[in-house]
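Residue numbers (this note's numbering): 481 to 794.
Data first, discussion second: the structure below is written as C-alpha cells.
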C-alpha cells in the first residue's frame with residue numbers, strides 16, 4: 481500500500497490504453513506508405529477494435545493470416561519445413577504480446593491463421609508438405625514456450641475432409657468473383673499492388689514450366705486472381721470464427737486500412753516473408769531475410785537439430 485496521503489495518478493483511459501497498445505505495433509509496421517509518418521490516431525479501425533477488449537477488460541486477440549507453407553522454389557528456401565526464419569518471427573510475435581501485457585494487464589494473444597491449404601493448389605505446393613509445415617509450426621511454438629501464440633487452420637473448421645473439398649467449400653461460401661476483383665484492381669491502388677506482388681511471387685516460384693516466359697506470366701496473372709479470391713475468403717472465414725479480433729496482415733498496408741501490416745523480420749523488400757526466403761545472421765547480431773541464393777553467397781549453412789536452419793555470415 482502507498483503511504484497515507486500519497487496521491488495516486490489516475491488510471492489511463494480506454495483511449496489512452498488503446499493508443500499505448502497500438503504504439504507498440506507502430507515500430508514494426510509493414511507500410512504501403514512508408515515515407516508518411518504515422519501515429520496511433522491514423523488507425524481508427526484498430527483503435528475501435530482494441531477498445532472493445534479494453535472496455536470489457538478482456539485479453540486482446542490479434543488474428544494474423546500467414547505462415548502458409550514454404551515456397552516451392554529451391555532458389556528461395558531451404559526446404560518445406562519451418563526454419564530459423566519462422567522461429568525468430570514467432571518469438572518476435574510472442575514478445576510483442578508480452579509487451580502489450582506491460583501496458584494492459586490482461587495482455588494479448590495472436591492466433592496465427594495458417595492459410596496454406598486455402599490456395600495450395602494455386603501455388604503448386606502439395607498438401608502433405610503444407611500439413612508437415614503446419615504441424616512443425618505448432619511443435620515449434622510448444623518447444624519454444626511461446627505462450628501467447630496459437631495456430632488456426634482449415635482442420636479447425638472442416639476437420640478431416642479432403643483438402644480439395646475444403647477449398648471448394650470455402651471458395652463457394654466466401655470468395656468474391658473474378659469480375660469483382662478485376663474491377664477492384666482497376667480502381668484501387670492497394671489491390672493493384674497486391675495483385676502485382678502475388679503475380680511476381682507466383683512467377684518466381686513456378687518450377688518446371690515448359691512454355692515461354694510470357695506464357696508463364698499470363699498463367700500467373702490468372703492464378704493471382706485465384707489466390708486473392710481464396711485469401712479474401714479465408715479472411716471472411718476468420719472473421720466468422722473470431723468475430724472480435726484485431727486483424728494483422730503480413731502484406732504492406734496503408735494508414736487507416738482495415739488491416740494493420742506487421743513486419744516479422746528485416747528485409748530489403750517489404751513483401752519478403754520467412755516462408756519465401758532464408759535468414760542470414762550478420763556479424764553485428766542482426767538477422768535479415770534473403771533468397772537462399774543470396775544467403776549462400778554471403779554465409780555458411782547452419783544446421784539445427786540436424787536440419788538446415790539458416791546462414792551465418794562469413
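Each residue gets a CB set at the ideal place from its N, CA and C atoms; glycine is no exception.
Status (buried if at least 16 other CB within 10 Å, exposed otherwise) for residue 672: exposed
Kindly indicate which residue of 550, 561, 492, 531 has the alpha-carbon position closest to the one of residue 682. 550
For the segment 609-676, list the beta strand (DSSP E) runs that are entirely contained and at least 3 residues long, ordered along the chain. 629-632
Extent of the continuous beta strand (DSSP E) to which residue 545 belongs: 540-546
Going by alpha carbons, who is nearest to residue 561 out of 793, 792, 794, 786? 786
Using DSSP's beta-bridge definition, name the partner residues of residue 589. 541
Which same chain residues end up closer than 6 Å to residue 500 when comparing Cβ atoms and leaving out the 5 residues on each side of it in sequence? 583
Taking just the CA atoms, how far does residue 770 sit from residue 747? 7 Å
Please state whether DSSP places residue 557 in a helix, a strand or coil. coil
The beta strand (DSSP E) that contains residue 491, what's its start and end? No beta strand (DSSP E) holds residue 491; DSSP gives it neither H nor E.
Drop a sphere of 10 angstroms on the beta-carbon of residue 554, count the other beta-carbons inside from all chains shown, and report buried for 16 or more, exposed for fewer. exposed
How big is the Cα-Cα spacing for residue 735 and residue 508? 13 Å
Can you grab the Cα-Cα spacing for the pair residue 497 / residue 534, in whole Å? 8 Å
Assess contact between the segment 699-710 and the segment 609-623, defined as three or more Cβ pairs (one per stretch) separated by less than 8 Å. Is contact present? no
Can you give me the C-alpha to C-alpha distance between residue 598 and residue 491, rounded to a whole angstrom? 44 Å
Hey, out of 634, 510, 532, whose CA is closest to residue 646's CA? 634
What span of residues does the beta strand (DSSP E) with residue 514 cover, start to end? Residue 514 -> no beta strand (DSSP E), and no H or E assigned at all.
The alpha helix (DSSP H) enclosing residue 758, as first and last residue numbers: First-last for residue 758: 758-761, but that is the beta strand (DSSP E), not the alpha helix (DSSP H).
From which residue to which residue does the beta strand (DSSP E) around residue 768 run? 767-770
Does the structure place the segment 572-591 close enough to the segment 624-631 that three or more beta carbon pairs sit under 8 Å? yes
Express the C-alpha separation of residue 754 and residue 567 in angstroms, rounding to a whole number. 9 Å
Of all the options 511, 502, 504, 506, which has the alpha carbon lying nearest to the alpha carbon of residue 749? 511
Residue 731, enclosing alpha helix (DSSP H) - first and last residue: Looking at the DSSP string, residue 731 is not in any alpha helix (DSSP H), and its letter there is neither H nor E.
If you drop the 5 nearest sequence neighbours on each side, which residues of the same chain put their C-beta closer than 6 Å to that of residue 728? 542, 544, 740, 742
Quick one: what's got a C-beta closer than 8 Å to residue 730's C-beta in the same chain, skipping five residues either side? 510, 544, 545, 546, 741, 742, 744, 753
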